[in-house]
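Chemist: Residue numbers (the working numbering): 820 to 1333.
Every residue gets a Cβ at the ideal spot worked out from N, C-alpha and C, and that includes glycine.
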């Protein structure tokens, strides 16, 4: 997520964080680079202008130029400006919540009208909304309103069945008012908490469609009019949002495909002054989250998003499984069986790359000298190793899974590894490598007990994690560990490490989390 924009912004501001004094020329150069990065990411001209004006207004103040750590203050100014352009308040404290941020009153019928262009992801979002609201204990009805596209009606029916919610069966009709009357009848008979109307869209703004939607909106009187915007369309999202808001009056925005990009999000909030409430972050029904400007800004700057990771874990980890694994890890009982359990649990949070980025490790590894491409290759290689590990562990006996020492200190270890290699279809060298790396990983996984305890209790979760605590025992060299200790976000108060390479000037690594 945000890879291209994140990389360009980091390149633009990284040098500022090591300066004891920053001149106006330094700031002007960084601002010009940031402007180019935003424009190349297809952010709307108006949003870029507003963003740059905010940064300049704060960055050129005496407080920054005479501050103790002006570089870090400028980074904070950029972070706060991103929060504002995404529709948030930098001074507002972040809160943890596992319920969707929607205007829903319990004890009454709440109607949600989904608006947007054809292909924006309205129908898919309707299914995700239904699934997640049902998980909150609400009774849901999905109503198809895209009457010109039978495939859309069928798709919504399938999603309703998958989500386990009711679906309004409608006869062949081209009249939205008839659909509204049928929905009203079923609502009166079943007393739903939330009714979701999946309206029609067009490939571009259509006057006739807008007129139909406006009449329909007055009939159903929705408590939320959610405009669904494809995050990939960039600055055009601002024009789409303005057109819908002007003619129908949206109450909030939901971004689809946010796992791919965020260009649309940087243009919308400033365009219509309406909050972005929801974000679709994957293909599964559960992949719908609240949109948090603070967290998105942090992710854009490569500083991670631990709170969203905690919320995701709280929703997806099964309590019994989590408690059992936590108890084993707290006792230091790490073996091949607990390794598989931990891997299966972590996979519920996303792939290895997305988890690393949400913990802010991508920025840290970049400052250790790993480019984005090298990081991606490293993650892919790690994923391939995990697949091989699982294949090998599947060929182990119960005794071998519970007692890792049998594979590296026991007299029978050689014959055991040969048998496992044959059973898993791997080479003997792969098994030797697995045993060696498993021993290195064991120290890291023993630290996961406290982490799992944090994940299962969002109320006590910190707002950031120190990636160093999770990586410092992975068999890194002393020099690598020293670098990590100095660039770790939680050690920003220490003197920063300067690495001198031949032909290269000393550089200060890392920047502080905000």
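In three-state terms, what does DSSP make of residue 1071?
Modeler: The answer is strand: DSSP assigns residue 1071 an E or B state.
Chemist: Looking at C-beta atoms only, is the number of pairs between the stretch 905-914 and the stretch 941-951 that lie closer than 8 Å three or more?
Modeler: The stretch 905-914 vs the stretch 941-951: no contact.
Chemist: Just to confirm the assignment, what range does the beta strand (DSSP E) spanning residue 969 have?
Modeler: Counting along the chain, residue 969 falls outside any beta strand (DSSP E), though it belongs to the alpha helix (DSSP H) covering 969-982.
Chemist: Could you tell me whether the stretch 936-947 touches the stretch 1039-1054, where touching means 3 or more Cβ pairs closer than 8 Å?
Modeler: They touch, by the three-pair rule.
Chemist: Determine, using beta carbons only, whether residue 965 and residue 972 come nearer to each other than 8 Å.
Modeler: Cβ atoms of residue 965 and residue 972: closer than 8 Å.
Chemist: So residue 1116 packs on residue 901, CB below 8 Å; how close in whole Å?
Modeler: With a Cβ gap of about 4 Å, residue 1116 and residue 901 count as contacting.
Chemist: With H, G and I counted as helix, E and B as strand and the rest as coil, what does DSSP make of residue 860?
Modeler: Looking at residue 860 - three-state DSSP - the assignment turns out to be coil, as it is neither helix nor strand.
Chemist: Taking the C-alpha atoms as reference points, what is the distance between residue 1158 and residue 984?
Modeler: Answer to the nearest angstrom: the Cα atoms are 36 Å apart.
Chemist: Which of the three DSSP states, helix, strand or coil, is assigned to residue 1200?
Modeler: Three-state result, residue 1200: helix.
Chemist: How is residue 843 classed by DSSP in three states: helix, strand or coil?
Modeler: In this structure, residue 843 counts as helix in the three-state DSSP scheme.
Chemist: Could you name the residues of the same chain whose beta carbon sits closer than 8 Å to that of residue 1244, not counting the 5 residues immediately before and after it, in chain order?
Modeler: So the qualifying residues of the chain are 1210.
Chemist: First and last residue of the beta strand (DSSP E) that includes residue 1098?
Modeler: Per DSSP, residue 1098 belongs to the beta strand (DSSP E) from 1095-1099.
Chemist: In terms of residue numbering, what span does the beta strand (DSSP E) encompassing residue 932 cover?
Modeler: Counting along the chain, the beta strand (DSSP E) containing residue 932 begins and ends at 929-934.
Chemist: Does residue 1000 pass the burial test, meaning 16 or more other C-beta atoms within 10 Å, or should it be called exposed?
Modeler: Exposed: under 16 other Cβ atoms inside 10 Å.
Chemist: If you draw a straight line from the C-alpha of residue 898 to the C-alpha of residue 1097, how long is it?
Modeler: Answer to the nearest angstrom: the Cα atoms are 21 Å apart.
Chemist: Measuring CB to CB, does residue 1154 end up less than 8 Å from residue 1223?
Modeler: Yes. Within cutoff.
Chemist: Where DSSP assigns a beta bridge to residue 1016, which residues make up the other side?
Modeler: Looking at the DSSP assignment, residue 1016 forms a beta bridge with 932 and 962.
Chemist: Would you please verify whether the beta carbon of residue 1037 is less than 8 Å from any beta carbon of chain D?
Modeler: Structure shown: chain D not included; a single protein chain is present.
Chemist: Suppose you measure from the CA of residue 1011 to the CA of residue 928; what does that come to, to the nearest Å?
Modeler: If I take the Cα positions, the gap works out to 6 Å.
Chemist: Who are the Cβ neighbours of residue 843 in its own chain at under 7 Å, not counting the five residues just before and after it?
Modeler: Cβ neighbours of residue 843 beyond the five flanking positions: 879.
Chemist: Find the nearest neighbour of residue 1063 within the set 1120, 1025, 977 and 1103, judged by alpha-carbon distance.
Modeler: Measuring from the Cα of residue 1063, the nearest candidate turns out to be 1025.
Chemist: So which of 1200, 1221, 991 and 1207 has the shortest CA-CA distance to residue 1241?
Modeler: Of the listed residues, the one whose Cα sits closest to residue 1241 is 1207.
Chemist: State yes or no: is the C-beta of residue 1075 within less than 8 Å of the C-beta of residue 1050?
Modeler: A contact, by the Cβ cut-off of 8 Å.
Chemist: For a test of the three-state rule: what should DSSP assign to residue 923, helix, strand or coil?
Modeler: In the structure shown, residue 923 sits in coil (DSSP, three-state: anything other than H, G, I, E or B).
Chemist: Since I believe residue 866 is in contact with residue 1085 (beta carbons under 8 Å), could you give me their beta-carbon distance rounded to a whole number of angstroms?
Modeler: Going by Cβ atoms, the distance from residue 1085 to residue 866 rounds to 6 Å, so yes, they are a contact pair.
Chemist: With burial defined as no fewer than 16 other Cβ atoms inside 10 Å of the residue's Cβ, what is the status of residue 1247: buried or exposed?
Modeler: With fewer than 16 other Cβ atoms within 10 Å, it is exposed.
Chemist: Starting from residue 1044, trace the beta strand (DSSP E) in both directions and tell me its first and last residue.
Modeler: Residues 1043-1049.
Chemist: Of the residues 923, 994, 1144 and 1257, which one's Cα is nearest the Cα of residue 1028?
Modeler: Here the closest residue by C-alpha is 994.
Chemist: Once DSSP output is grouped into helix, strand and coil, what is the label at residue 1170?
Modeler: The answer is coil: DSSP assigns residue 1170 none of H, G, I, E or B.
Chemist: Enumerate in chain order the residues of its own chain whose CB-to-CB distance from residue 1110 is below 7 Å, with the five nearest sequence positions on each side excluded.
Modeler: Taken in chain order, the residues that qualify are 1074, 1095, 1096, 1097 and 1098.
Chemist: Is the Cβ-Cβ distance between residue 1118 and residue 1168 less than 8 Å?
Modeler: Going by C-beta atoms, residue 1118 is not nearer than 8 Å to residue 1168.
Chemist: So if DSSP puts residue 985 in a beta bridge, which residue, or which two residues, is it bridged to?
Modeler: Answer is 960.
Chemist: Please classify residue 1017 as buried or exposed, where buried requires at least 16 other C-beta atoms within 10 Å of its C-beta.
Modeler: Residue 1017 should be labelled buried.
Chemist: Check residue 1008 in the structure and name its three-state DSSP category.
Modeler: Helix at residue 1008.
Chemist: Along the chain, where does the alpha helix (DSSP H) containing residue 1107 start, and where does it finish?
Modeler: It is not in any alpha helix (DSSP H) - residue 1107 instead sits in the beta strand (DSSP E) that spans 1107-1109.
Chemist: Out of 1163, 931, 981 and 962, state which residue places its alpha-carbon closest to the alpha-carbon of residue 1004.
Modeler: It is 962 whose Cα lies nearest to the Cα of residue 1004.
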